[in-house]
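Engineer: Chains as they are written, first to last, in our numbering: chain A, 1 to 180; chain B, 1001 to 1437.
Heads up, the beta-carbon is just placed ideally off N, CA and C, and yes, glycines get one too.
As the structure is a computational prediction, the values presented were derived from the model and not from experiment.
Below is the structure I would like to discuss, written out as structure tokens.
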Amino acid sequence: MGKQSNQFFKVSLLVMSLFVLGACSSTSETDDEISGDDSQSSSSSSSGSASSSAGSNSGQLTQEQIRAQNALRQTVFYFDFDVAEFQPADRETLTYHARDLAANPSKRLRLEGHADERGTREYNLALGERRANGILNYFIVNGASRSQIEVVSYGEERPEQSGQTENAYSRNRRVEIVAR
Amino acid sequence: MKLRTSLLGAFICLCNWTANAELSIQITQGVDNPIPIAVVPFSNESGGFFSEDVSQIVINDLEQVGEFRALSRANMLSMPSGEQEVFYRDWRILAQDYLLVGKIDQQPGSQLVQVQYEFFDINREMKLAGEVLTGSVTQLRDIGHTISNVVFEQVTGIPGAFTSEILYIVSESAGPEMSLFRLEKADYDGARPQTLLESGEPIMSPSWSPNGQDVAYVSFETDLPRIYIQNIATGQRRQITNYPNINSSPVWSPDGTKLAMVLSKDGSPDIYVQDLNNNQLIRITDHPAIDTEPSWTPDGRHIVFMSDRTGQPQIYQMELGANSYNVERLTYDCFQCAKAKFLPDGLNLVHVRRETRQSPTYQIAILNIETLRVITLTGTSLDESPSVAPNGSMIMYATKFNGRGVLDAVSIDGRVKFRLPSSQGDVREPSWSPFLN
């Protein structure tokens, strides 16, 4: 999961270029702006904005960049028992994912829905789909195209954690975003 | 996860080998007053070596269903192998109700064996049954099960199901974030397991065709859940569905010409019926909630299914060809009722029941839809996937034991239980065969 999400989120820098009109196209996420005054001045000069505002702007945008990066790095979303709606705390993160899709029409991903083992298997298959569809619809409302997203439910067939504990159950009720 | 997919997603093995994780039965609960029966070791007429002990197979069969207790061989006063050697008094003294004797003969140089058995009622001093069965030496286990069928029917009046088989799914860890899934078939008691399909992606919902020759199931081998039909003897298979989203829960109609299934191609999971001759697809339910777990009534005219249209899973039924709003609700008194199927009587509904919201435990129960009486048959907390023996006498289901998936069986009156432990992996989704010829 980790390797693949890194690769996945390098692409996410593209989104930021939308937010950050005048920002330089940085080479990597470690290319932070703390010491990058010279290079920024060159790019800001090309955009022709006032140097003073460019400085403060780039500070704000950087925070936004980091926030977007962090948001896109989260690819697993957990659900409450017997609940198909994603947690309100994940709304902002999912919004970043939706905007990322909207900004990158060629990007494709898969929403994989899962359930814990309680209840019947075939109902859990349907519950996993309902959870994934909740996120699918949220993405579409926020600008993603239906054709970018494939939904599949694994029900209770692919638990993240085995065992009959509350902790395992809470890890298994989830939707995973997987790059395609 | 991508890694897992590329390594194993395409890996799928159509196989027919003997699985080494053999299941073997443990009786976990028997009746209080089992019927005493003496099964005398069958005499070996030719002196050859046989890999199977036919009389022991019969003893195991009869004791596993809980209603019989076999007399210890050490306590027998005589060891008859035919009617002329039977003295009823020897068995009456030992308080036996029934007696089974027999002999096995094999012609020199032949693979054929002849098994003669005779079955007696001690109290009435009469022979109830007897015949000579001929088969290959590799079929001694089948011959034993056949004799068990006769004994069981003579005593209980119900046909025995000892020659029936089961299908089930096994999942095993195969490294970090990798699992192996197998569709297996075995004798009803877990003996002689065979792998019918192995895959790196989930396999679900095995279902026997009514003639016992084919199995329908769901496989994720293309990364998406799709329905397949496989011939059990030849391994030949074909993909039946390729609709968007969920394709699941295939169940054969009693006449074997149609497959009920669940498709969510139009938004939410609904019940459909596909004609296997012309592939015509008929939509049965039409509701934005989840409709799933279809089963057929014994007459093939209605579909029973689960829906959460009232907020929680409950059981409904619909007549084929009726309007989709013409739905009859069958359960009201449970927080969740799911995975229902009628017994052959068409009155008693086997299902998975969660009584209350507060207690998320799931048990196997039977609801009589006329008297509304409910009998809960199991006492563990994660019981699911009930499947009824072809003679209607027992229900096999999946549960957890020591954190692992195992198959348990319970008699229809709840008095007898046995377990088929597996040596490795999670075992689940048992599907009990029809009577096989």
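Among all the DSSP beta bridges, which residues are the ones paired with B/I1375?
Structural biologist: B/I1366.
Engineer: Using a Cβ-Cβ cut-off of 8 Å (strictly less than) and excluding sequence neighbours within five positions of B/D1142, which residues of its own chain qualify?
Structural biologist: Excluding sequence neighbours, B/D1142 sits near G1135, T1163.
Engineer: Mapping the DSSP letters down to three states, classify B/D1061 as helix, strand or coil.
Structural biologist: If DSSP states are grouped into helix, strand and coil, B/D1061 belongs with the helices.
Engineer: Under 8 Å between C-beta atoms, does A/L125 make it to chain B?
Structural biologist: Chain B, which has a Cβ nearer than 8 Å to the Cβ of A/L125, makes this yes.
Engineer: Using Cβ-Cβ distances below 8 Å, what residues of the region 1321-1350 of chain B are close to chain A?
Structural biologist: Going along the region 1321-1350 of chain B in chain order, one finds Q1336, A1338, K1339 with a Cβ nearer than 8 Å to chain A.
Engineer: Determine the closest residue to B/A1095 out of B/Q1106, B/D1121, B/P1080, with distance taken between C-alpha atoms.
Structural biologist: Of the candidates B/Q1106, B/D1121, B/P1080, the one whose C-alpha sits nearest the C-alpha of B/A1095 is B/D1121.
Engineer: State buried or exposed for A/S147, treating a residue as buried only when at least 16 other CB atoms are found within 10 Å of its CB.
Structural biologist: A/S147 comes out exposed.
Engineer: Do A/G155 and A/N124 have their beta-carbon atoms positioned less than 8 Å apart in this structure?
Structural biologist: Closer than 8 Å, so yes.
Engineer: Is any beta-carbon of chain B found at less than 8 Å from that of A/S164?
Structural biologist: Sequence inspection shows Gln at residue 164 of chain A; the Ser mentioned does not correspond to that position. Yes, because at least one Cβ of chain B sits closer than 8 Å to the Cβ of A/Q164.
Engineer: Check whether the region 1227-1236 of chain B and the region 91-104 of chain A touch, using three or more Cβ-Cβ pairs below 8 Å as the test.
Structural biologist: Contact between the region 1227-1236 of chain B and the region 91-104 of chain A is absent, because fewer than three Cβ pairs lie under 8 Å.
Engineer: Using the C-alpha atoms, what's the distance from A/E64 back to A/E33?
Structural biologist: For A/E33, the predicted model reports a pLDDT of 36, less than 50, meaning its position is unreliable; a value from the coordinates is still stated below. Distance between the alpha carbons of A/E33 and A/E64: 13 Å.
Engineer: Report yes if the C-beta distance between A/N172 and A/A115 is below 8 Å; otherwise report no.
Structural biologist: Yes, they are a contact pair.
Engineer: Consult DSSP for B/V1410 and reduce its assignment to one of helix, strand or coil.
Structural biologist: It is a strand residue.
Engineer: Taking C-beta pairs closer than 8 Å, name the residues in chain E that A/T120 reaches, listed in chain order.
Structural biologist: Among the chains of the structure shown, chain E does not appear; the protein chains present are A and B.
Engineer: The alpha helix (DSSP H) that contains A/L101, what's its start and end?
Structural biologist: Its alpha helix (DSSP H) spans residues 91-103.
Engineer: For A/A68, which three-state DSSP category applies?
Structural biologist: In this structure, A/A68 counts as helix in the three-state DSSP scheme.
Engineer: How far does the beta strand (DSSP E) with B/L1128 in it reach, from first residue to last?
Structural biologist: Element bounds for B/L1128: 1126-1136.
Engineer: Could you check how far apart the C-beta atoms of B/V1410 and B/L1377 are, in whole angstroms? I think they sit under 8 Å.
Structural biologist: That belief holds up - the Cβ atoms of B/V1410 and B/L1377 are roughly 5 Å apart, short of 8 Å.
Engineer: Looking at the unbroken alpha helix (DSSP H) that takes in A/S170, where does it start and where does it end?
Structural biologist: Looking at the DSSP string, the run of the alpha helix (DSSP H) that includes A/S170 is 166-172.
Engineer: Please work out which residues of its chain come closer than 7 Å, Cβ to Cβ, to B/P1254, disregarding the five sequence neighbours upstream and downstream, and give them in chain order.
Structural biologist: Here the set comprises P1210, W1296, P1298, G1300.
Engineer: Cβ atoms of B/W1091 and B/S1433: under 8 Å apart, would you say?
Structural biologist: No, Cβ-Cβ distance for B/S1433 and B/W1091 is not below 8 Å.
Engineer: Just checking my contact of B/V1170 with B/D1426 at CB under 8 Å: how many whole Å lie between their CB atoms?
Structural biologist: Indeed, because the Cβ distance is near 7 Å, the residues count as touching under 8 Å.
Engineer: Report buried or exposed for A/G143, applying the criterion of at least 16 other Cβ atoms within 10 angstroms of its Cβ.
Structural biologist: The residue is exposed, with fewer than 16 neighbouring Cβ atoms inside 10 Å.
Engineer: Check the Cβ-Cβ distances between B/A1021 and every residue of chain A, and say whether any is below 8 Å.
Structural biologist: With a pLDDT of 49 at B/A1021, under the threshold of 50, the modelled position of that residue is not reliable, and the figure given next carries that caveat. For B/A1021, the answer is no, since every Cβ of chain A falls outside 8 Å of its Cβ.
Engineer: Is DSSP giving B/E1201 helix, strand or coil here?
Structural biologist: The answer is coil: DSSP assigns B/E1201 none of H, G, I, E or B.
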